Amino acid sequence: FDMSKVDITIDVAADNGEKKQFKIDSKNFDVTQMFHFTVPVREVTYSVKGYGMAGVALFESYADKEQFKPIEPMPFKLSQEFLPKTWLTEIAAKTCLTFTPTSEMQRVVKDTFNRTIVIDIELPSGMRIEENQIGFFLSKVEYVHHFDYNRCFNKLSLFIVVPSTMYGKDICMDWCLERLSTVVNWSPISIRVYDYLQPETTLVRLFPIQFQPALLGYSFVEKVHELRPKLDSLPLLNKPKRV
């Protein structure tokens, strides 16, 4: 395309009310423009219009607070794995839960009763799950009583019925999620586990979801940036061709 006609406008807005507009033309095409939002920010939207080519990168920083150590032993043990699948947009997930009721929990509810444990998985923006697909995966686990996917909050809830015969034993569930865009640094996935009858007993864990760039197609993005025209090459691009 004609570099001299590049004229791009990018409008960015955050849910805290802050807004920023970027202008890109042939004079600053190879200049990186940045803007820092004031935290906290949970949602960022942007729109692009004009003529030419531009890249938009969103960087997120977060701080992991030190986990609170309960006085009594926690009845839940949780493990989470994420692995890339053959398709670049899909990620395989495996969640394992172990429930061992404490003496206080056994005092409130008889040991012979089945316990319903809820697992809330909050997915970062830019990811989603296919309900039919995850329904197929979870149907293979007899202890999964029900699941719910809240599209508004992008949260997956699993309802696990744990019989007394499975106390202290692993219950593992395979499922799959899909990324909708290329993100270099994903925010960690927050998983909350609690007893349906005693929700005050809660375990919250943060699990990172990072892979090598080549595994998720980031090498393609790096190649695009490598081939992006530089300012010193603009005269060659605009030079008329000999007939």
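Numbering (the numbering used here), first residue to last: 5 to 247. Yeah, the Cβ is synthetic: ideal placement off N, Cα and C, and Gly gets one too. The model shown is predicted, which means the values in this text are computed figures rather than measured ones.
{"Check": "Work out the CA separation of residue 100 and residue 23 for me, nearest whole Å.", "Outcome": "42 Å"}
{"Check": "So, using beta-carbon positions, are residue 132 and residue 94 closer together than 8 Å?", "Outcome": "no"}
{"Check": "Find out if the Cβ-Cβ distance for the pair residue 165, residue 120 is shorter than 8 Å.", "Outcome": "yes"}
{"Check": "Distance check for residue 33 and residue 191, CA to CA, integer angstroms please.", "Outcome": "29 Å"}
{"Check": "What's the gap between the Cα of residue 180 and the Cα of residue 46?", "Outcome": "24 Å"}
{"Check": "Could you name the residues of the same chain whose beta carbon sits closer than 6 Å to that of residue 41, not counting the 5 residues immediately before and after it, in chain order?", "Outcome": "18 and 22"}
{"Check": "Just the C-alpha distance for residue 81 and residue 128, rounded to the nearest angstrom, thanks.", "Outcome": "23 Å"}
{"Check": "Would you grab the beta carbon distance between residue 79 and residue 109 for me? Rounded to a whole angstrom, and I think it's under 8 Å.", "Outcome": "6 Å"}
{"Check": "Let me know the alpha helix (DSSP H) ranges lying completely inside the segment 118-164, each 4 residues or longer, listed in chain order.", "Outcome": "135-142"}
{"Check": "Please report the straight-line C-alpha distance between residue 153 and residue 194, rounded to a whole angstrom.", "Outcome": "15 Å"}
{"Check": "Assuming the contact rule is C-beta atoms closer than 8 Å, residue 56 and residue 12 should be a hit. Round their C-beta distance to whole Å, please.", "Outcome": "5 Å"}
{"Check": "With DSSP as the reference, label residue 8 as helix, strand or coil.", "Outcome": "helix"}
{"Check": "On a CA-only basis, which of 36, 44, 87 and 51 is nearest residue 16? Give me that one, please.", "Outcome": "51"}
{"Check": "Under the three-state reduction of DSSP, which class applies to residue 47: helix, strand or coil?", "Outcome": "coil"}
{"Check": "Which same chain residues, not among the five before or five after residue 20, have their C-beta less than 6 Å away from its C-beta?", "Outcome": "45"}
{"Check": "Nearest to residue 170 by alpha carbon, out of 118, 205, 206 and 141?", "Outcome": "118"}
{"Check": "What does the alpha-carbon distance come out to for the pair residue 130 and residue 185?", "Outcome": "6 Å"}
{"Check": "On the DSSP letters alone, give me the boundaries of the beta strand (DSSP E) that residue 84 sits inside.", "Outcome": "80-88"}
{"Check": "Am I right that residue 210 and residue 197 are in contact with their C-beta atoms under 8 Å? What's the rounded C-beta distance?", "Outcome": "13 Å between Cβ atoms; not a contact."}
{"Check": "Nearest-angstrom Cα distance between residue 205 and residue 104?", "Outcome": "12 Å"}
{"Check": "Does the beta-carbon of residue 224 have 16 or more other beta-carbons within 10 angstroms, so that it is buried, or is it exposed?", "Outcome": "Reliability of the predicted coordinates at residue 224 is poor, the pLDDT of 45 falling under 50, and the value obtained from them is presented with this limitation in mind. It counts as exposed."}
{"Check": "Short check: CB of residue 162 to CB of residue 123, under 8 Å?", "Outcome": "yes"}
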